[in-house]
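Enquirer:
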Amino acid sequence: MIKKYACIGLLTLLTMPLLLAQQSAAFTNDLAKYNKALSLYNSKQYLAAQTLFNEIKQEADDPTIKGDCAYYIANAAVRLNQSGADAAMQKFVEEYPTSTKRNSAYKDVADYYYENGKYSVAKRWYEQVDLSRLNWSELERYNFNMGYIHLKTNRPQEAKVYFSRVRNSEKYGAQAKYYEGFMAYENDDYEEASQLFEEIEAEEGTREDLSYFKADLNFKQGNFEEAIQLAKEQLPTANRLEQSELNKIIGESYFNLGQFDEALPYLKEYRGKRGRWSNTDYYQLGYAYYKQGDYDSAIGEFNKIIDGKNSVAQNAYYHLADAYLKTGKKQEALNAFRNAYQMDFEPKIKEDSGLNYTKLSYEIGNAYEPAPQAIGNYLEQYPDTPERQQLQTLLIDSYITSKNYEGAMELIENNRNFEDKVAYQKVAFYRGIELYNDGDYQEAIINFEKSLSEPRTPEFTARALYWKAESEYTINRIDDALLTFKQFEQNSAARSLPEYDNLAYNLGYAYFKKKNYNQATKYFSQFTQSGTDDNVRKMDAYMRLGDSHFIESEYWPAMEAYNAAIAMPGGNKDYATFQKSISYGFVDRNAQKIEGLSNFANVFPQSSYRDDALYELGNTYVATGDNERGIQAYDRLVREIPKSKFAAKAQLKKALIYDNTSRSDQALNLFKRVAQDYPGTPEGVQAVASAKLIYIDKGQVDEYGRWANTLDYISVEDSELDDAAFSSAEQQLVGSNNAQAIQNFEKYLREYPNGQRAMEAHFYLGQLYFGQNEYAKTKSHYKYVIDKERSEFTEQALARLGQVYLSESNYADAVPVLKRLETEADSAQNVIFAQSNLMKSYYELQQYANAVSYADKVLANSKIDNNVKSDAQVIIARSAMQTGDENKAAAAYREVSKIATGALAAEALYYDAYFKNKNADYTGSNASVQKLAKDYSGYKEYGAKGLVLMAQNFYELDDAYQATYILDNVITNFTDYPEVVAEAQQELTRIKAAESKTNSSLEEGNN
1 MIKKYACIGL
11 LTLLTMPLLL
21 AQQSAAFTND
31 LAKYNKALSL
41 YNSKQYLAAQ
51 TLFNEIKQEA
61 DDPTIKGDCA
71 YYIANAAVRL
81 NQSGADAAMQ
91 KFVEEYPTST
101 KRNSAYKDVA
111 DYYYENGKYS
121 VAKRWYEQVD
131 LSRLNWSELE
141 RYNFNMGYIH
151 LKTNRPQEAK
161 VYFSRVRNSE
171 KYGAQAKYYE
181 GFMAYENDDY
191 EEASQLFEEI
201 EAEEGTREDL
211 SYFKADLNFK
221 QGNFEEAIQL
231 AKEQLPTANR
241 LEQSELNKII
251 GESYFNLGQF
261 DEALPYLKEY
271 RGKRGRWSNT
281 DYYQLGYAYY
291 KQGDYDSAIG
301 EFNKIIDGKN
311 SVAQNAYYHL
321 ADAYLKTGKK
331 QEALNAFRNA
341 YQMDFEPKIK
351 EDSGLNYTKL
361 SYEIGNAYEP
371 APQAIGNYLE
381 QYPDTPERQQ
391 LQTLLIDSYI
401 TSKNYEGAME
411 LIENNRNFED
421 KVAYQKVAFY
431 RGIELYNDGD
441 YQEAIINFEK
451 SLSEPRTPEF
461 TARALYWKAE
471 SEYTINRIDD
481 ALLTFKQFEQ
491 NSAARSLPEY
501 DNLAYNLGYA
511 YFKKKNYNQA
521 TKYFSQFTQS
531 GTDDNVRKMD
541 AYMRLGDSHF
551 IESEYWPAME
561 AYNAAIAMPG
571 GNKDYATFQK
581 SISYGFVDRN
591 AQKIEGLSNF
601 ANVFPQSSYR
611 DDALYELGNT
621 YVATGDNERG
631 IQAYDRLVRE
641 IPKSKFAAKA
651 QLKKALIYDN
661 TSRSDQALNL
671 FKRVAQDYPG
681 TPEGVQAVAS
691 AKLIYIDKGQ
701 VDEYGRWANT
711 LDYISVEDSE
721 LDDAAFSSAE
731 QQLVGSNNAQ
741 AIQNFEKYLR
751 EYPNGQRAME
761 AHFYLGQLYF
771 GQNEYAKTKS
781 HYKYVIDKER
791 SEFTEQALAR
801 LGQVYLSESN
811 YADAVPVLKR
821 LETEADSAQN
831 VIFAQSNLMK
841 SYYELQQYAN
851 AVSYADKVLA
861 NSKIDNNVKS
871 DAQVIIARSA
881 MQTGDENKAA
891 AAYREVSKIA
901 TGALAAEALY
911 YDAYFKNKNA
921 DYTGSNASVQ
931 KLAKDYSGYK
941 EYGAKGLVLM
951 AQNFYELDDA
961 YQATYILDNV
971 ITNFTDYPEV
981 VAEAQQELTR
991 IKAAESKTNS
1001 SLEEGNN
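Numbering-wise, full-length UniProt numbering puts 883 at position 883 of the sequence shown, and it's gapless, one number per residue.
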């Protein structure tokens, strides 16, 4: 370059002799400055060089010098990574199109970017180079660099074109072949790769960087022994990454040769691609362990295979299932067999997996589908299976053991080929029991009748008769119940059944309801003498025996029965004591009657019969001529129990005593007070009538008229018409002409809205509409009754109005009605009804403290049955869960599990699993979920929730396969429960995110 400028300077000197001395000095100075800048550039002092070139360019007049300076300025900018460097170079090219450095500019910048790994930028500059102006050496370098650029930018076809141009180059040939071989290797063209690698070795000798590829190529070409030898030779000198890959080649080669003991140590040393294994990697190591009989280790590898959906995964899940079986993990085995069964890649594995899946479904239960359905589906898919006879036997038994009676009935009735009538009889019976426990008595009867239609097994025929009769009795079909109970009694198998122990008790009640007290007495007596150890029923039977004798005026036998009830341990004896005291009066033992009634209020201060006793005590005193003591008893009743239904009656009786003992003024005042305080009640109406007679006796008829007109329910002029209108409606009611009775009572209330019998009319209308299930029409009538002073109708109106609100799920309005019923009811059953439904209503209103308070009240009542106890414990448990008191909830659910059936039992079992999961007892939690699946598979929501728990348990037990498989199935199979599916999806996402850190197949898809 310097010589060139020296030559230019000499020519100028020869043509311009007159300026020689002046220009010679300037040129020498410029040349020295230019050479200095060039020297700085060549020594990579780009910034200093750039500054000096800038000065020269500004001072120089020669365009060539300016162009060369512009070239070096832009080139320095590129190397200094200055902003706008590319633009500066492009500007140079545009401003100096004839510069000899134009092509060098493109090539030099491209070379710089290439050497610094900026391949895309380098490619853009290389593409502007004029190849015709490159010498052979430069062209070889250009082709090799462009080949490498395309290789690095994932353009293998273009790369191959450029590499092929330098394949025979002395300088670049071996490297080009290496990269071509690598691309062929990556493209699974192992033959071309081998050929190219062999050419390299022939030219250059053995190269370490080819050893791995040769070993891997032999492996991929099926030359496993050669691959093992080559890989082992390189293993000692390989780096850490290469060692991992070589171990994989050796291990997998031994695996493919069936030498699993040799494969194991090498497969274990593999570290995965970037620290992550694929499903195939896990399969090979797991299978090697499996073949060695190390089933726990095999499970540990197989269960890392997640989302596998190919033949490798199907094979893995099949062997995983077998490993689970061999280690006693049947639930896990069921899931793995089911997964393999759902794949179609290997028909033999699919069939065998399905067989094992159906057998395990029968043995341990199946939360995904009822065992009968699983077995039936398999038989349909493989009708010629050698296991057909065994599976048909299991199918029959599975209908019973799965307890999914609803599903079983549906399957049986929809399967025309089902011929096992014995199984049908049993399943229909158990479905009936299930419906009976759920309170659906009509459907229960239908299923018991289905069972009876196939009387194959005497035991189930007898039991179906008994529970059909129980159902009929419960819905008040007493005649049907009696007939069916008699059929049960006559059945030869009945006496050996536990149900037979209660037959006499039930017959007694049926006849009691029919008012056939002679027969009731016979059966209640029979039950009490049967030697039963059921003291609750026995005490109740003694009381009903006493009632039957009492109603038949057989008072001494009645008292014997009541005494027997009183002598029983435990229980509430107030009713028997009261009835015994009353009975004395009918056998002329008034002294004993009075003694019993006098002591009753003190002995049973909380009894609902306390007001009955005081009222009857007053009546007895009056009947024996002791009016004053009678009045004292009446006064005590009104004073101590002012809300009693007998309060009005007691004051009316007291007024009558005054009237009959010539104390007319006192009588009149009391009649008027009763009429005022108890308007519209029968006692109020009677008080008005009695007061009228006194006014007439006094000759004060006008005074009576003025007083009576102040009462809004009495019309002096229309009283007889009022009474006649009510009597007309009442006559239709007594005659069971309900439609006409409704019409007449409605007419009465239209004509006499405040009539003297209005309360009774409203009550009877409420009852009539209730009987027709027209609940909306009952409300106004019941409200009218309960808004008045307490009467004999109040308690029943409260109970019925409460029922109406509950049927509408109107808990806010139900609560005040039920609270009144609780405090005002005389009937123990109504108190239980009020408290149990207050418990439920408060829970629905999310008033959990009140709900628990009433649940505790219910549990404290010894008269409640197991169903109500279960409800109470469940309310406590659910409320505790809502308020975060899980310890209390756990205790309550434990109590529920002791007595609950059906849905409540399933709920309790689910929470047993839930709390065990919370306490890190993952194995125990899974056992509870498994029991839930086996015994309560009909309750799908709890089955689905249990599966989510099971998935969580398995993940905590380091079994990611079980966890993800179960969650996938919940998401797919339980779409009817979106909240459960959402929870499952959230868990699955969390687990897969964690597992993807070590399992490359989760990112790659189905490996």
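Glycine residues also receive a C-beta, built at the ideal position from the N, C-alpha and C atoms. Remember, it's a predicted structure, so these values are computed and weren't measured experimentally.
Between the C-alpha atoms of Gly802 and Ala814, what's the straight-line distance to the nearest angstrom?
Expert: Rounded to the nearest angstrom, the two C-alpha atoms are 5 Å apart.
Enquirer: Please check if any C-beta of chain D sits within less than 7 Å of the C-beta of Ser925.
Expert: The chain inventory of the structure shown lacks chain D, comprising one protein chain alone.
Enquirer: For the stretch 64-111, list the alpha helix (DSSP H) runs that are entirely contained and at least 4 residues long, ordered along the chain.
Expert: If we require 4 residues or more, the alpha helix (DSSP H) runs fully inside the stretch 64-111 come out as 85-95.
Enquirer: Run through the stretch 380-430 for me and flag every whole alpha helix (DSSP H) of 4 or more residues, listed as ranges in chain order.
Expert: Within the stretch 380-430, the complete alpha helix (DSSP H) runs of at least 4 residues are 388-401, 405-414.
Enquirer: If I measure Cβ to Cβ from Ser928 and keep anything under 7 Å in the same chain, skipping five residues before and after, which residues do I get?
Expert: Closer than 7 Å at the Cβ level, and outside the excluded window around Ser928, lie Leu909, Asp912, Ala913, Lys916.
Enquirer: Does the distance from the C-beta atom of Ala481 to that of Glu472 stay below 7 Å?
Expert: It is a contact, given that the beta carbons lie within the stated cut-off.
Enquirer: Starting from Glu774, trace the alpha helix (DSSP H) in both directions and tell me its first and last residue.
Expert: Careful: Glu774 lies outside any alpha helix (DSSP H) and carries neither H nor E.
Enquirer: Span of the alpha helix (DSSP H) holding Ile696?
Expert: Taken as a continuous stretch (DSSP letters only), the alpha helix (DSSP H) holding Ile696 covers 682-697.
Enquirer: How is Arg276 classed by DSSP in three states: helix, strand or coil?
Expert: Strand, per DSSP.
Enquirer: For Pro642, is the classification buried or exposed, using 16 other Cβ atoms within 10 angstroms of its Cβ as the cut-off for buried?
Expert: Exposed, because fewer than 16 other Cβ atoms sit within 10 Å of the Cβ of Pro642.
Enquirer: Who are the Cβ neighbours of Asn143 in its own chain at under 6 Å, not counting the five residues just before and after it?
Expert: Result list for Asn143: Tyr162, Arg165, Val166, in chain order.
Enquirer: Once DSSP output is grouped into helix, strand and coil, what is the label at Asn861?
Expert: In the structure shown, Asn861 sits in coil (DSSP, three-state: anything other than H, G, I, E or B).
Enquirer: Are the CB atoms of Ala32 and Leu40 nearer to each other than 7 Å?
Expert: No, the pair does not count as a contact, with Cβ atoms beyond the cut-off.
Enquirer: With Met839 as the anchor, note down where its alpha helix (DSSP H) starts and where it stops.
Expert: It spans 828-844 - the alpha helix (DSSP H) in which Met839 sits, taken as one unbroken run.
Enquirer: Are the stretch 290-297 and the stretch 257-272 in contact at 8 Å, needing three or more beta carbon pairs?
Expert: Yes, the stretch 290-297 is in contact with the stretch 257-272.
Enquirer: Would you mind stating whether Lys273 and Ser996 have Cβ atoms separated by less than 7 Å?
Expert: No, the pair does not count as a contact, with Cβ atoms beyond the cut-off.
Enquirer: With distances taken from CA atoms, which of Phe763, Gln772, Ala724 is nearest Ala739?
Expert: If we check each option's Cα against that of Ala739, Gln772 comes out closest.
Enquirer: Have a look at Thr964 and Ile249 and give me their C-alpha separation to the nearest angstrom.
Expert: Cα to Cα, Thr964 sits roughly 30 Å from Ile249.
Enquirer: Is Val981 near the ligand MN - that is, is its Cβ less than 6 Å away from at least one heavy atom of it?
Expert: With respect to the ligand MN, the structure offers nothing, as it holds no ligand at all.
Enquirer: Can you check whether the CB of Tyr848 is closer than 7 Å to the CB of Gln882?
Expert: Taking 7 Å as the Cβ cut-off, Gln882 and Tyr848 qualify as a contacting pair.
Enquirer: Closer than 8 Å by C-beta to Glu95: which residues in its own chain qualify, once you throw out the five before and the five after it? Chain order, please.
Expert: Only Gly67, Ala70 meet the Cβ criterion.
Enquirer: Shortest alpha-carbon distance to Thr280 belongs to which of Glu252, Tyr266, Leu264, Lys840?
Expert: The option with the nearest alpha carbon to Thr280 is Glu252.
Enquirer: Measure the Cβ-Cβ separation of Gly365 and Lys940 and say whether it is below 7 Å.
Expert: No, the Cβ-Cβ distance between Gly365 and Lys940 is not below 7 Å.
Enquirer: Can you give me the C-alpha to C-alpha distance between Asn75 and Met89, rounded to a whole angstrom?
Expert: Their Cα atoms are separated by approximately 7 Å.
Enquirer: Run through the DSSP bridge pairs and tell me what Asn999 is partnered with.
Expert: Bridge partners of Asn999: Trp277.
Enquirer: For Leu545 versus Phe524, is the C-beta distance shorter than 7 Å?
Expert: Yes. Within cutoff.
Enquirer: Apart from the five residues on each side of it in sequence, which residues of its chain come closer than 7 Å, Cβ to Cβ, to Ile631?
Expert: Answer for Ile631: Lys654, Ile657, listed in chain order.
Enquirer: Helix, strand or coil: which one does DSSP assign to Asp677?
Expert: Here Asp677 sits in helix by DSSP.
Enquirer: So for residue 1021, helix, strand or coil by DSSP?
Expert: Residue coverage of the chain in this structure runs from 1 to 1007, which leaves residue 1021 outside it and unanswerable.
Enquirer: Closer than 8 Å is the cut-off here; do at least three beta carbon pairs connect the stretch 417-437 with the stretch 449-464?
Expert: They touch, by the three-pair rule.
Enquirer: Can you say whether Trp136 is buried or exposed, counting buried as having 16 or more other CB atoms within 10 angstroms of its CB?
Expert: Exposed, by the Cβ-count rule.
Enquirer: Return the CA-CA distance between residue 1014 and Thr577, expressed in angstroms with no decimal places.
Expert: Residue 1014 is absent from the model: the chain starts at 1 and stops at 1007.
Enquirer: So within the stretch 242-311, which uninterrupted beta strand (DSSP E) runs reach at least 3 residues, ignoring any that extend past its ends?
Expert: Counting only runs of 3 or more, we get nothing.
Enquirer: Quick check on the burial criterion: 16 or more other C-beta atoms within 10 angstroms. Buried or exposed for Pro97?
Expert: Per the 10 Å Cβ criterion, exposed.
Enquirer: Going by other Cβ atoms of all chains shown within 10 Å of its Cβ, with 16 needed for buried, is Asp611 buried or exposed?
Expert: Under this definition Asp611 is a buried residue.
Enquirer: Rounded to a whole number of angstroms, what is the C-alpha to C-alpha distance between Leu246 and Tyr287?
Expert: Cα-Cα distance, rounded: 20 Å.
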